[in-house]
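Chemist: In our numbering, the protein residues as written are 1163 to 1611. We put the beta carbon where it would ideally sit given N, CA and C, even for glycine. Below are the structure tokens for one structure; questions will follow.
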Ligand SMILES: Cc1ncc(COP(=O)(O)O)c(C=O)c1O
């Protein structure tokens, strides 16, 4: 069987072959074995639309996995990649080697980032960016004569990726099983969820102070958090949350790592989420939107202070083969240009506000507990009962599936939340289509049915 399939590999297979090969050979992330639904094999993307191998069209309200800032199928990015491949497809950035696109991109990122940022380290994705950021935080304190300062604070329901440190910092139990032991030294704070937590900021700040007193503030290296939680349910914290958390951390010499893998590069309406909250993190982890997902690339942006310590002898002894990959960096540079040329930060802010306003109309449905968002990161929290706020997890799960098959709109469900992170080229008409689909699906499958 395997031999016969191998002989047939390549482009010769029919749709049914692809379905079978997919089942037999491809290990999908997060795939539930035994699920009998047909795999949607995507073959084409243009703007905000996708098409699968069966010829069905979908509206992409997730941006791939929160990536496709400039939309799918952009010739400009294909040309940027092709031009760089012809010039120099790849050469290492180790030691004293470098390449033009990575130097230019590092410089551009420093220009766009909050003022304190002075250095950039390139990775291949979001998990690696967080891994590097946490390494740098520990190294910073060690080189400054505080080797015992190595604990990391993160938050329940935070998501930081799947490599060991990133997975451990992730505050979702489902990521902690079966592959232990996990690294030590991680502690989890409460997520700032105004819908579920009264006096949200006060509670979180007091909890942070209490935790520092218990652990010993001089043992804590850094706190890592997403400015707006994505996987955790598009949780937008109160405006004073980050400034007050930052003040406590600063007072104790603890570094702040912003995981901006989703929020960076315009998604919230500014280049970085940090700029929404007026804070200046010591390290900012990014990926995804840096190339609009066209090629794998991540970047850790570090303050001048951290950069200077990390560059001390013997330097930063860690490199991925693909650190500073010239083709990925050339695509990122062109992607940043497109974001500017097409005013897509402004579009994320205004279209995001419009979508949020339209989502507000859904509050007349009994299962809609909360709607929230900033820019083009939005969430609808489903409940069984508005009074008790009991989460409607099963409903959200069912809808996640049915949206794709019935409404042909790709959204995502996490726990009791429906979450949305469309390309930044989304229009009012696209928003109306999403809202109509959500209403139709909630009316059909929600408790009013
Ligand atoms: C906030 C956040 N951090 C980190 C990651 C991990 O990024 P990657 O999947 O590129 O490793 C993700 C992925 O969705 C994310 O949402």
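#1: Taking residue 1568 as the reference, which of 1177, 1218 and 1583 has the closest Cα?
#2: For the beta strand (DSSP E) containing residue 1349, name the first residue and the last one.
#3: Fully enclosed by the region 1463 to 1515, which alpha helix (DSSP H) runs are 4 residues long or longer?
#4: For residue 1405 and residue 1441, which I take to be in contact (beta-carbon distance under 8 Å), what is that distance rounded to the nearest angstrom?
#5: Return the Cβ separation of residue 1203 and residue 1180 in integer angstroms, given the expectation that the two are a contact with Cβ distance under 8 Å.
#6: From the DSSP output, in three-state form, read off residue 1456 for me.
#7: Just the Cα atoms here: how many angstroms apart are residue 1286 and residue 1337?
#8: Ligand 1 and residue 1540: does the residue's C-beta get closer than 7 Å to at least one heavy atom of that ligand?
#9: Nearer than 7 Å: is that true of the beta carbon of residue 1597 relative to any heavy atom of ligand 1?
#10: Answer yes or no: do residue 1465 and residue 1581 have a C-beta to C-beta separation smaller than 8 Å?
#11: Rounded to the nearest angstrom, what separates residue 1468 and residue 1266 at their Cα positions?
#12: So the candidates are 1480, 1389, 1453 and 1481; which of them puts its Cα closest to the Cα of residue 1436?
#13: What residue from 1378, 1327 and 1609 has the CA that sits closest to residue 1311's CA?
#14: Identify, in the order they occur along the chain, each residue of the same chain with its Cβ nearer than 8 Å to the Cβ of residue 1169, setting aside the five sequence neighbours on each side.
#15: Going by beta carbon distance, what residues of the same chain come within less than 7 Å of residue 1210, once the five residues before and after it are set aside?
#16: Take residue 1475 and list the residues in its own chain whose beta-carbon comes closer than 6 Å to its own, dropping the five residues that flank it on each side.
#17: Near residue 1325, which residues of its chain fall below 6 Å by C-beta distance, leaving aside the five closest residues on each side in sequence?
#18: What did DSSP end up calling residue 1439 once you bin it into helix, strand or coil?
#19: Is residue 1421 near ligand 1 - that is, is its Cβ less than 7 Å away from at least one heavy atom of it?
#20: Just the Cα atoms here: how many angstroms apart are residue 1385 and residue 1602?
#21: Hey, is residue 1449 close to ligand 1, as in C-beta under 7 Å from one of its heavy atoms?
#22: Could you please give me the residues that DSSP links to residue 1596 through a beta bridge?
#23: Do residue 1395 and residue 1320 have their C-beta atoms closer together than 8 Å?
#24: Have a look at the DSSP bridge pairing and note the partners of residue 1206.
#25: Inspect the CB distances between the region 1532 to 1542 and the region 1419 to 1429 and report whether three or more fall short of 8 Å.
#26: Once the 5 residues before and after residue 1349 are set aside, which same chain residues still bring their CB inside 6 Å of it?
#27: What's the call for residue 1361, buried or exposed, on a 16-neighbour Cβ count within 10 Å?
#28: Express the C-alpha separation of residue 1307 and residue 1543 in angstroms, rounding to a whole number.
#29: Which same chain residues, not among the five before or five after residue 1491, have their C-beta less than 6 Å away from its C-beta?
#30: Can you round the beta-carbon distance between residue 1607 and residue 1540 to whole angstroms, since I take them to be within the 8 Å contact cut?
#31: Quick one: is residue 1477 buried, meaning 16 or more other Cβ sit within 10 Å of its Cβ, or exposed?
Modeler: Straight from the coordinates:
#1: Mapped onto the chain shown, residue 1568 falls at position 406. Of the candidates 1177, 1218 and 1583, the one whose C-alpha sits nearest the C-alpha of residue 1568 is 1218.
#2: Start at 1 with the first residue of the chain shown, and residue 1349 comes out as number 187. First-last of the beta strand (DSSP E) with residue 1349: 1348 to 1351.
#3: Fully contained in the region 1463 to 1515 are the following alpha helix (DSSP H) runs of length 4 or more, in chain order: 1466 to 1472 and 1488 to 1503.
#4: Along the chain shown, read from residue 1 onward, the residue named residue 1405 stands at position 243. Along the chain shown, read from residue 1 onward, the residue named residue 1441 stands at position 279. Their Cβ separation, rounded to whole angstroms, is 6 Å, which keeps residue 1405 and residue 1441 in contact under 8 Å.
#5: Along the chain shown, one-based indexing puts residue 1203 at 41. Along the chain shown, one-based indexing puts residue 1180 at 18. At roughly 5 Å, the Cβ-Cβ gap stays under 8 Å, so residue 1203 and residue 1180 are in contact.
#6: Position 294 of the chain shown holds residue 1456. In the structure shown, residue 1456 falls within a coil segment according to DSSP collapsed to helix, strand and coil.
#7: As a position in the chain shown, residue 1286 is number 124, starting the count at 1. As a position in the chain shown, residue 1337 is number 175, starting the count at 1. The alpha-carbon atoms of residue 1286 and residue 1337 are separated by roughly 21 Å.
#8: One-based indexing of the chain shown puts residue 1540 at position 378. Not under cutoff, so the answer is no.
#9: Start at 1 with the first residue of the chain shown, and residue 1597 comes out as number 435. Residue 1597: no, Cβ never under 7 Å from ligand 1.
#10: As a first step, residue 1465 must be located in the chain shown, where it is residue number 303. As a first step, residue 1581 must be located in the chain shown, where it is residue number 419. No.
#11: Indexing the chain shown from 1 puts residue 1468 at position 306. Indexing the chain shown from 1 puts residue 1266 at position 104. Taking the straight line from one Cα to the other gives about 21 Å.
#12: The count along the chain shown starts at 1 and reaches residue 1436 at position 274. By alpha-carbon distance to residue 1436, the top candidate from 1480, 1389, 1453 and 1481 is 1389.
#13: By 1-based counting over the chain shown, the position of residue 1311 is 149. It is 1378 whose Cα lies nearest to the Cα of residue 1311.
#14: Translated into positions along the chain shown, residue 1169 becomes position 7. For residue 1169, the predicted model reports a pLDDT of 46, less than 50, meaning its position is unreliable and no value from the coordinates is stated.
#15: Position 48 of the chain shown holds residue 1210. So the qualifying residues of the chain are 1221, 1222, 1233, 1584, 1585, 1587, 1588 and 1592.
#16: Along the chain shown, read from residue 1 onward, the residue named residue 1475 stands at position 313. The answer is none, since no qualifying residue turns up.
#17: Residue mapping note: residue 1325 aligns to position 163 of the chain shown, counting from 1. Excluding positions up to five away in sequence, the list reads 1289 and 1293.
#18: Against the chain shown, residue 1439 aligns to sequence position 277. The DSSP-derived three-state label of residue 1439 is helix.
#19: For the purposes of this step, residue 1421 is taken as the residue at position 259 of the chain shown. Yes, the Cβ of residue 1421 comes within 7 Å of a heavy atom of ligand 1.
#20: For the purposes of this step, residue 1385 is identified with residue 223 of the chain shown, where counting begins at 1. For the purposes of this step, residue 1602 is identified with residue 440 of the chain shown, where counting begins at 1. Answer to the nearest angstrom: the Cα atoms are 41 Å apart.
#21: Here residue 1449 is taken as the residue at index 287 of the chain shown, counted from 1. Yes, since a heavy atom of ligand 1 falls inside the 7 Å radius drawn around the Cβ of residue 1449.
#22: Along the chain shown, one-based indexing puts residue 1596 at 434. DSSP lists no beta-bridge partner residue for residue 1596.
#23: Reading the chain shown from its first residue, position 233 is the one you call residue 1395. Reading the chain shown from its first residue, position 158 is the one you call residue 1320. Between residue 1395 and residue 1320, the CB-CB gap reaches or exceeds 8 Å.
#24: Reading the chain shown from its first residue, position 44 is the one you call residue 1206. Answer is 1213.
#25: Yes, since at least three Cβ pairs between the region 1532 to 1542 and the region 1419 to 1429 fall closer than 8 Å, the two stretches touch.
#26: Taking the chain shown and counting its residues from 1, the one referred to as residue 1349 is at position 187. Excluding positions up to five away in sequence, the list reads 1315.
#27: Residue 1361 sits at position 199 when you count from the first residue of the chain shown. Exposed: under 16 other Cβ atoms inside 10 Å.
#28: On the chain shown, position 381 is the one that residue 1543 refers to. On the chain shown, position 145 is the one that residue 1307 refers to. Distance between the alpha carbons of residue 1543 and residue 1307 is about 46 Å.
#29: Counting from 1 along the chain shown, the entry for residue 1491 is found at position 329. Correct list, in chain order: 1263, 1264 and 1267.
#30: Taking the chain shown and counting its residues from 1, the one referred to as residue 1607 is at position 445. Taking the chain shown and counting its residues from 1, the one referred to as residue 1540 is at position 378. Beta-carbon to beta-carbon, residue 1607 and residue 1540 are separated by about 20 Å, too far to satisfy the 8 Å threshold.
#31: Translated into the one-based positions of the chain shown, residue 1477 becomes position 315. Exposed.
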